[in-house]
Each structure stands twice: as C-alpha cells, then as structure tokens.
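Below is one structure, written out as structure tokens, with a few remarks after it.
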Amino acid sequence: MPYNVDAIFQIAGIGIIVAMIHTVLKQMGKEEYAHWVTLIGFIVVLFMVVVLVEDLFQTIKNVFLFHS
3 MPYNVDAIFQ IAGIGIIVAM IHTVLKQMGK EEYAHWVTLI GFIVVLFMVV VLVEDLFQTI
63 KNVFLFHS
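Under our numbering, the first residue of the sequence shown is numbered 3, with each subsequent residue one higher.
Pasting the structure below:
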C-alpha cells in the first residue's frame with residue numbers, strides 16, 4: 003500500500019494547532035480572528051485532502067485502464 007500515515011498526522015496536527023489558536027483568540031475576545039483562523043485551517047486541510055483524493059483517483063485510473 004503506497005500510502006503512509008504521515009498525511010493523517012499532518013491533518014491531525016493542523017487541527018490541534020488551529021483548535022489551540024482558536025481557543026486562545028476566543029479567550030482574548032478576538033472571536034472574529036478565531037473564526038478566520040479556523041476557516042484558514044479548514045481550507046489548508048481541504049487542499050491536502052484534494053491532493054490525496056486526486057492521487058487516489060489517478061491510482062484507480064491506472065489500475066483499471068492499464069495506463070502508466
């Protein structure tokens with residue numbers, strides 16, 4: 003299986019860091035910035051997932067269509 007768990011740990015790490023920053027900003031009364039941090043973290047993770055899904059579809063295409 004060509005996938006390792008690095009991507010899962012990266013996504014989890016981003017989630018933990020974003021959650022910590024969100025909590026700190028919210029406690030400081032900067033809720034608008036906290037929401038922006040959460041949105042930016044979500045977008046970064048979304049791009050990571052899109053790259054992984056694109057790689058998955060390319061692998062499936064190569065397996066079933068016998069293209070390299």
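Even for Gly, the Cβ is constructed at its ideal location relative to N, Cα and C. Small disclaimer: the values here were computed from a predicted structure and weren't measured.
Subject >> Cβ neighbour criterion (16 or more within 10 Å) applied to V20 >> reply: Counting Cβ neighbours within 10 Å, V20 comes out buried, since at least 16 surround it.
Original post:
For D8, which of L27, G43 and V51 has the nearest alpha-carbon?
Top reply: The shortest CA-to-CA distance from D8 to any of L27, G43 and V51 is the one to V51.
**OP:** Work out the CA separation of T25 and N6 for me, nearest whole Å.
**Re:** Between N6 and T25, the C-alpha separation is close to 31 Å.
Original post:
Given 8 Å as the limit, is there contact between the segment 43-60 and the segment 11-20, that is, 3 or more CB pairs closer than that?
Top reply: As far as the Cβ criterion goes, the segment 43-60 touches the segment 11-20, which means the pair count is three or higher.
**OP:** In the DSSP assignment, find the unbroken alpha helix (DSSP H) run with N6 in it and report its ends.
**Re:** In the DSSP assignment, N6 falls outside any alpha helix (DSSP H), carrying neither H nor E.
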